[in-house]
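Student: Protein chains in written order, with my numbering: chain A, 1 to 246; chain B, 247 to 492.
A virtual CB, placed ideally from N, CA and C, is assigned to each residue, including glycine.
2 protein chains.
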Amino acid sequence: MHVTSEQRLDDGVIEREFTLGEIPGILWMPASASVSAPVPLILLGHPPLGLRRMYPRLAARARHCAAEGFATATIELPGSGDRPRWDAAERARADLRRAMEAGEPVSDEIVDALVLPLVDKAVPEWQAALDALLSLPGIGGPVGYSGGVISVGIRLAVVEPRIKAAGLFAGSLVPRAMVEEARRVTIPLHVLLQWDDEGNDRQAALELFDAFGSKEKTLHANMGGHTGVPQYAGDAADRFFTRHLK
Amino acid sequence: MHVTSEQRLDDGVIEREFTLGEIPGILWMPASASVSAPVPLILLGHPPLGLRRMYPRLAARARHCAAEGFATATIELPGSGDRPRWDAAERARADLRRAMEAGEPVSDEIVDALVLPLVDKAVPEWQAALDALLSLPGIGGPVGYSGGVISVGIRLAVVEPRIKAAGLFAGSLVPRAMVEEARRVTIPLHVLLQWDDEGNDRQAALELFDAFGSKEKTLHANMGGHTGVPQYAGDAADRFFTRHLK
């Protein structure tokens, strides 16, 4: 892990950009973190739109989490931002765009081609980032995972025992194989669903929530469309992580 | 309103039993309430099992609300506790029991016969109780309604403008007419659903949530069966009322 820049934000949060091999990432540390008082870590997931484009939303979440005493970190997804594309994913993205523009249902084949390779490539990278992050002074654990591509969250929850709790956004475009994999998740889950999300299949989201094997799982459904998650829903997610990571 | 007994509980909450005509009720006032600092009121709904049987759960909720600065009150439902039965309701209850013991689906006719007269009789009584309660020193407003027979909550939310927010338990046995009436509810709603409630039709509960006309409505689904609402779900309901009544 190589730190490429560091700045102190006005609320005292230290923001460090880093690279992990070829992968860019960002780490936010609360002012309160120190070697003698290490803080828990929340990995911030995001959709595959590129870190630069997602930065304002990620930084807002990071500062919110820092105020609650959490370090947060994120890395670029494979095929997003400045990272190299691969042909199959580009084809799947084009197929998805075509289907959506034509108002046609998105086939299982498109969803699988779009999501499964992304999960396979991304998850080991997040695990490598976790290795590096947990070796830093001031970061203790336990670790939570929050938001982003829900299939990445599902796989991480299944394969990465250092992740103790996950807050997920229920979305569509979840491969059938990932719904099956969700049955193997056992960590506490806090799932947000935007009830009237125009880009979301509500029934699919409810089926996925039902599939999760976790004994403690909570679904919070709110109004307000895809980007209209109300402030109090974000606060509830904070309290979920505070309950499980502190 | 005639106060029949008064006691101070160990946390300073004043519990008063009262009668309103023939209807028994209970009022809990936080120690902090006074004429110069009146507190908001939450009406505590409950299933038609009789106030005496429901007392432990109601008193626990009341003390919890008092700690948050709310007065709470409840009255006996028509046909419950020591209040007179009526034949049609008794027949409907017997039909319901028979259907459930036989593992048969509960027909719309049974649900209507069981719930609609209860709503018609109960709601004016809760409104009369509200008249009396809001005239007491130390109780200001605004007013919330919490829990109990969800159809009573729906009707109260539609017809009683003094109720500014409602926390409801999604249950089955909701007449079709009440689902239609739910479309006319516009106040903020906080709806709890026990996801794996053995006595609950989950799909019916989700359809009812969808039907509510409120712009602000939140569904919190949790594991744990009918009586297993987790502590943090109760805390979230408290925060909902604090947001809307303070």
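Less than 8 Å between the C-beta atoms of proline 270 of chain B and alanine 317 of chain B, yes or no?
Tutor: No. Outside cutoff.
Student: Check whether the Cβ of glutamate 207 of chain A lies closer than 8 Å to any Cβ atom in chain B.
Tutor: Judged by the 8 Å Cβ criterion, glutamate 207 of chain A is not in contact with chain B.
Student: Secondary structure at histidine 46 of chain A, three-state DSSP: helix, strand or coil?
Tutor: Note: histidine 46 of chain A maps to coil in three-state DSSP.
Student: Looking only at its own chain, which residues have a Cβ that is under 7 Å from the Cβ of aspartate 358 of chain B, when we skip the five neighbours before and after it?
Tutor: Once the five neighbours on either side are set aside, the close Cβ partners of aspartate 358 of chain B are Pro421.
Student: How about arginine 429 of chain B: is its C-beta nearer than 8 Å to some C-beta of chain A?
Tutor: So no, arginine 429 of chain B is outside the interface.
Student: Less than 8 Å between the CB atoms is what I'm expecting for leucine 118 of chain A and alanine 89 of chain A, so what's the real figure, rounded?
Tutor: About 7 Å separates the two Cβ atoms, so the contact holds.
Student: Between leucine 219 of chain A and chain B, is any beta-carbon pair separated by less than 8 Å?
Tutor: So yes, leucine 219 of chain A belongs to the interface.
Student: Alpha carbon to alpha carbon, how far is serine 5 of chain A from arginine 16 of chain A? Give it in angstroms, no decimals.
Tutor: One C-alpha to the other measures close to 6 Å.
Student: What does the alpha-carbon distance come out to for the pair alanine 205 of chain A and serine 172 of chain A?
Tutor: So the alpha carbons of these two residues sit roughly 7 Å apart.
Student: For the stretch 94–105 of chain A, which residues have a beta carbon sitting closer than 7 Å to at least one beta carbon of chain B?
Tutor: Answer set for the stretch 94–105 of chain A: empty.
Student: With a threshold of 8 Å between beta-carbons, can lysine 461 of chain B be considered close to chain A, or not?
Tutor: Judged by the 8 Å Cβ criterion, lysine 461 of chain B is in contact with chain A.
Student: So glycine 69 of chain A and valine 39 of chain A are supposed to be a Cβ contact under 8 Å. How far apart are they, rounded?
Tutor: Contact flag correct, Cβ pair sits at about 6 Å.
Student: Does the Cβ of glutamine 231 of chain A have 16 or more other Cβ atoms within 10 Å, making it buried, or fewer, making it exposed?
Tutor: It counts as exposed.
Student: May I ask you to verify whether the stretch 147–163 of chain A touches the stretch 43–54 of chain A, counting CB pairs closer than 8 Å and requiring at least 3?
Tutor: Verdict: yes, contact present.
Student: Which residues bound the beta strand (DSSP E) around glutamate 6 of chain A?
Tutor: That run of the beta strand (DSSP E) goes 2–8.
Student: Alpha carbons only, please: which of B/Gly471, B/Ala348, B/Asp256 and B/Leu342 is nearest the one belonging to arginine 448 of chain B?
Tutor: Measuring from the Cα of arginine 448 of chain B, the nearest candidate turns out to be B/Gly471.
Student: Three-state secondary structure (DSSP) at proline 363 of chain B?
Tutor: Three-state DSSP puts proline 363 of chain B in a helix.
Student: Taking the beta strand (DSSP E) that glutamate 261 of chain B falls in, what are its first and last residues?
Tutor: That run of the beta strand (DSSP E) goes 260–266.
Student: Are glycine 144 of chain A and isoleucine 163 of chain A touching if we call contact CB-CB under 8 Å?
Tutor: Against a cut-off of 8 Å, the Cβ pair of isoleucine 163 of chain A and glycine 144 of chain A comes out as a contact.
Student: When the Cα atoms are used, what is the spatial distance from alanine 67 of chain A to aspartate 11 of chain A?
Tutor: Cα to Cα, alanine 67 of chain A sits roughly 9 Å from aspartate 11 of chain A.
Student: Please identify the residue among A/Val13, A/Met54, A/His2 and A/Ser32 whose C-alpha is closest to the C-alpha of threonine 19 of chain A.
Tutor: Comparing Cα-Cα distances from threonine 19 of chain A to each of A/Val13, A/Met54, A/His2 and A/Ser32, the minimum goes to A/His2.
Student: Whose Cβ in chain B lies nearer than 8 Å to the Cβ of arginine 61 of chain A?
Tutor: Near arginine 61 of chain A there are no residues of chain B at all, since even the closest Cβ is about 20 Å away, more than 8 Å.
Student: To the nearest angstrom, report how far apart threonine 488 of chain B and glycine 21 of chain A are at their CA atoms.
Tutor: Their Cα atoms are separated by approximately 49 Å.
Student: Leaving out five residues on either side along the sequence, give the residues of the same chain with a beta carbon under 6 Å from the beta carbon of cysteine 65 of chain A.
Tutor: Closer than 6 Å at Cβ, skipping near neighbours: Ile42 and Thr72.
Student: Using the three-state DSSP reduction, which class does serine 172 of chain A fall into: helix, strand or coil?
Tutor: DSSP places serine 172 of chain A in coil when its eight states are reduced to three.
Student: Determine the chain B residues that contact asparagine 222 of chain A at a beta-carbon separation under 9 Å, and present them in chain order.
Tutor: Within 9 Å Cβ-Cβ: Glu462, Lys463, Thr464 and Leu465.
Student: Taking its Cβ as the centre, do 16 or more other Cβ atoms sit within 10 Å of arginine 61 of chain A, making it buried, or is it exposed?
Tutor: Classification for arginine 61 of chain A: buried.
Student: Between which two residues does the beta strand (DSSP E) containing glycine 480 of chain B stretch?
Tutor: Careful: glycine 480 of chain B lies outside any beta strand (DSSP E), inside the alpha helix (DSSP H) at 477–491.
Student: Please report how far the alpha carbon of arginine 91 of chain A lies from the alpha carbon of glutamate 109 of chain A, in whole angstroms.
Tutor: Going by the C-alpha atoms only, they are around 12 Å apart.
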